[in-house]
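Since the structure comes first, as structure tokens, the remarks are kept for the end.
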Amino acid sequence: MNNIFVYCEVEEGVVADVSLELLTKGRNLANELKCQLEAVVIGDSLKDIEKQVIPYGADMLYIIDDPRMSPYTTAPHAAVLIKLFREEKPQIALMGATPIGRDLGPRVSSALHSGLTADCTSLEIGDHEDKKAGKIYKNLLYQIRPAFGGNIIAWIINPDCRPQMATVREGVMRKEILNSNYLGKVIRLDVSKYVSDTDFAVQVIERHLEKRKINIKGASVVVSGGYGVGSKENFKLLYELADVLGAEVGASRAAVDAGYTDHERQIGQTGITVRPKLYIACGISGQVQHRAGMEESAQIISINTDPEAPINSLADYVITGDLAEIIPKMIRYYKQNTK
Amino acid sequence: MRVCQQELKFYICHPKDSNSYKITMKGLRIFVLAKQVPDTRNVGKDAMKADGTVNRAALPAIFNPEDLNALELGLRVKDEIPGTTVTILTMGPGRAAEIVREGLYRGADGGVLLTDRAFAGSDTLATSYALSQAIKEMGNFDLIIAGRQAIDGDTAQVGPQVAEKLGLNQITYVEAILGIDKSHITVRRRLDNGVETVKAPVPLLLTVNSTAPDCRSRNAKLLMKYKHARTVTERQDAAEDYLYLYDSRPFLNIQEMTVNEIKSEADQLGLSGSPTKVKRIENVILQAKDAKRLTAADEGINDLMRELIESHVIG
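Quick mapping for you: the protein sequence lines, in order, are chains F and R. Residue 316 is where the first sequence starts when you use my numbering, and the numbers rise one by one after that. Residue 30 is where the second sequence starts when you use my numbering, and the numbers rise one by one after that.
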């Protein structure tokens with residue numbers, strides 16, 4: 316009772332990174348609140364799945380293992396969580412802000428009449444005073460997130476309703492194995508007690524998963540292009556620079572929408588979050604939504620013809636000029652200086 | 030039902046006659062959930078105040094972009110299946126009637142503005158409660174289509190919560206409708222890591238991505254037809270000259286629903302019906318760093334690369 320729950324997504328037998336990141340965060344919150352961390356995995360062919368989850372510090376892992384549970388559809392997963400949460404009464408429930416989490420979270424929170432905050436960038440524990448009602452709430456979950464297109468940061472709380480639910484995007488929290496020998500209990504639930512036949516009305520007929528061919532999150536240097544790059548042709552310059560530096564190529568949403576490069580390279584609030592040693596922004600104006608995906612880079616270079624581009628205020632180096640002139644020079648001088 | 034993988038256009042396939050694209054289905058009743066939002070996408074210098082915060086009043090109010098994608102999918106069903114009606118439902122202050130008009134200009138058949146002080150301060154749960162109660166008054170439907178998320182809240186919660194409250198199946202991240210027959214709809218979903226083809230029975234709620242087809246532009250004839258469309262409240266402030274129109278042209282009446290027109294519990298509405306509360310807001314202020322400024326001049330670039338190499342950032 317009154318514990319922290321993390322819903323873990325699983326694809327082809329592998330627990331998603333975002334879920335592992337949330338387990339680590341959940342473990343820290345549980346330590347602070349002096350309660351337990353519980354996890355739930357729902358899918359198919361989940362033998363040994365506990366080996367992926369328990370080492371992150373889960374005291375309890377609930378498993379529903381049934382072929383009908385994969386691929387994900389809303390009703391069966393929601394039915395499991397709704398019933399499980401009604402039985403176990405968590406104080407906090409976390410899930411990844413993925414297409415699954417954003418489909419499942421609101422469904423569950425609506426059924427339980429609990430509050431849900433999406434895309435949190437930070438979670439903290441704190442108190443709240445409701446002066447009007449003369450009430451003090453202790454140890455609430457502060458759900459901190461950008462809103463209004465990223466122009467404000469809001470602290471959201473659910474004083475009265477439980478569980479306090481939040482979704483968090485991949486890469487926002489860091490995952491860390493607590494103890495590979497952690498002792499957690501595994502409970503395999505009987506699926507028939509949680510779902511009924513009517514929950515399977517929606518059917519996935521076909522799926523085409525595209526495995527991520529590139530690893531931008533892990534790159535120590537990222538060369539990123541925005542709308543200012545101007546064309547798919549010009550984007551090739553960025554690939555050349557990245558090649559020479561051993562970097563990965565990223566892009567702002569505007570560049571992706573304009574067709575300069577692929578969606579999987581998109582960095583920002585609706586894309587990937589990166590924290591490289593060096594982020595080279597080329598022709599990126601720096602809308603708040605983009606900054607959300609790269610502002611924690613150790614060093615930032617901004618190349619832009621506009622000396623007042625918003626991203627310049629984040630940058631360590633601001634190069635004002637035409638990237639078609641600047642990038643080839645960067646390549647030349649890099650080669651010269653590394654001979 | 031045969032499922033057709035044609036990009037961006039969908040076919041209605043009759044189960045008995047797989048060669049025929051003619052349909053003997055009766056039209057569908059579609060509700061499109063839409064929201065009027067401030068245009069937060071391109072907060073330019075004009076909308077920034079001297080202290081570095083956003084001047085919200087300076088942002089224009091627009092039809093939420095993904096709701097336009099939702100409207101387009103509804104209109105495409107209407108194109109294909111005669112007798113289909115598309116009704117816009119929006120919850121907001123009086124001026125949100127503007128997006129009902131916008132929907133009419135693009136091809137919707139009618140619209141409802143759900144508006145009342147009692148809804149003020151609603152979080153997504155209270156909003157979806159009010160919308161669901163309004164939908165219960167709007168009669169039967171086959172499909173509810175909503176944009177995936179609004180650009181001010183960015184939560185993507187209202188669609189699924191409305192579906193839950195109405196006991197409907199939901200499919201989110203929809204990019205295209207691939208097929209419809211008397212009992213089922215087949216859609217293509219675009220997810221982060223791939224696509225899915227999903228089939229579900231109607232009635233159903235769909236939320237639509239921005240990767241779905243863009244909404245068709247305003248139709249000149251419809252603009253002329255609907256430009257005087259008004260809610261009851263708007264008419265109270267209207268110029269005398271046009272008031273006669275509303276009797277002779279009932280289609281110019283935009284239905285207004287308040288708390289009186291829906292069944293609801295007061296403690297489920299507005300601030301009281303909102304489990305989530307905003308404790309605090311901070312403006313994101315752009316603080317300029319002490320940056321090194323360069324031009325495209327060779328010497329500067331050379332020094333930059335040397336500096337980065339020497340500090341082991343690169344190379």
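Ideal Cβ placement from N, Cα and C applies to all residues, glycine included. Here the structure is a predicted model, which means the values were calculated and not measured.
- When the beta-carbon positions are compared, R/Gln186 and F/Leu396 stay at least 8 angstroms from each other.
- Against R/Ile200, the close residues of chain F are Val517, in the order they occur along the chain (beta-carbon pairs closer than 7 angstroms).
- The Cβ of F/Asn494 sits no closer than 8 angstroms to any Cβ of chain R.
- Between F/Ser535 and R/Ser293, the alpha-carbon positions lie close to 55 angstroms from each other.
- With respect to the C-alpha of F/Thr339, the residue from F/Cys323, F/Gly328 and F/Ala469 having the closest C-alpha is F/Cys323.
- At a cut-off of 8 angstroms between beta carbons, R/Glu193 contacts chain F.
- Taking 8 angstroms as the cut-off between beta carbons, the residues of the stretch 321–337 of chain R near chain F are Lys321, Arg322, Leu323, Thr324, Ala325, Asp327, Gly329, Ile330, Asn331, Leu333, Met334, Arg335 and Leu337, in sequence order.
- Residue nearest to R/Leu143 within the set R/Pro279, R/Glu131, R/Pro122 and R/Gly150 is R/Pro122 (criterion: CA-CA distance).
- Taking 8 angstroms as the Cβ-Cβ cut-off, the stretch 301–312 of chain R approaches chain F at Ser303, Pro304, Thr305, Lys306, Val307, Lys308, Arg309, Ile310, Glu311 and Asn312, given in chain order.
- Under the Cβ distance rule, F/His392 does not count among the residues neighbouring chain R, no pair being separated by less than 8 angstroms.
- Secondary structure of F/Phe320 (DSSP, three-state): strand.
- For R/Tyr202, the number of other beta carbons within 10 angstroms of its own is at least 16, and it is reported as buried.
- Taking all protein chains shown into account, R/Asp276 has fewer than 16 neighbouring C-beta atoms within 10 Å of its C-beta and is therefore exposed.
- With a beta-carbon spacing of about 6 angstroms, F/Gln614 and R/Val342 fall inside the 8 angstroms limit used to define contacts.
- The straight-line gap separating the alpha-carbon atoms of R/Asp171 and R/Glu285 is approximately 22 angstroms.
- Between the beta-carbon of F/Asn317 and that of F/Lys404 there is about 6 angstroms, and that keeps the pair under the 8 angstroms contact cut.
- Beta-bridge annotation (DSSP): R/Gly223 is paired with F/Leu524 and R/Leu220.
- Ser157, Tyr158, Arg177, Gln178, Ile180, Asp181, Gly182, Asp183, Thr184, Ala185, Gln186, Val187, Gly188, Pro189 and Gln190: these are the residues of the stretch 157–190 of chain R whose beta carbon lies less than 9 angstroms from some beta carbon of chain F, given in chain order.
- Against F/Val544, chain R offers no close residue; the least beta-carbon distance is about 16 angstroms (beta-carbon pairs closer than 8 angstroms).
- With respect to R/Gly299, R/Ala90 sits apart: the two C-beta atoms are not nearer than 8 angstroms.
- Per DSSP, R/Phe170 is not a residue of any beta strand (DSSP E), being assigned neither H nor E.
- With distances taken between CA atoms, F/Met410 lies nearest to F/Met488 out of F/Phe515, F/Tyr554 and F/Met488.
- At a cut-off of 8 angstroms, the C-beta of F/Gly430 has a neighbouring C-beta in chain R.
- Residues Arg130, Leu133, Tyr134, Phe280 and Leu281 of the same chain have their beta carbon placed closer than 8 angstroms to that of R/Tyr255, with the five preceding and five following residues left out of the count.
- Close CB contacts of R/Thr287 within its chain, under the 7 angstroms cut and outside five residues either way in sequence, are with Thr144 and Asp145 (chain order).
- One Cα belongs to R/Asn198, the other to R/Gly302, and the distance between them is close to 24 angstroms.
- Listed in chain order, the non-local C-beta contacts of R/Lys308 below 6 angstroms within the same chain number zero, local neighbours out to five positions each way being set aside.
- In this structure, F/Leu438 is the residue among F/Leu438, F/Ala390, F/Asp380 and F/Asp381 with its C-alpha nearest to the C-alpha of F/Ala408.
- R/Val261 counts as exposed, since fewer than 16 other C-beta atoms from the protein chains shown sit within 10 angstroms of its C-beta.
- For R/Ala229, the chain F residues whose C-beta falls within less than 8 angstroms of its own C-beta are Ala516, Val517 and Gln518, listed in chain order.
- F/Glu491 is bridged by DSSP to nothing; it lacks a bridge partner.
- Any Cβ of chain F closer than 8 angstroms to the Cβ of R/Thr226 would place that residue at the interface, and such an atom is present.
- Following the DSSP letters along the chain, one finds R/Leu281 in no beta strand (DSSP E), marked with neither H nor E.
- For R/Gln297, DSSP assigns no beta-bridge partner whatsoever.
- In the three-state scheme derived from DSSP, where H, G and I count as helix and E and B as strand, F/Asp374 is classed as coil.
- In the three-state reduction of the DSSP assignment, F/Pro625 falls in the helix class.
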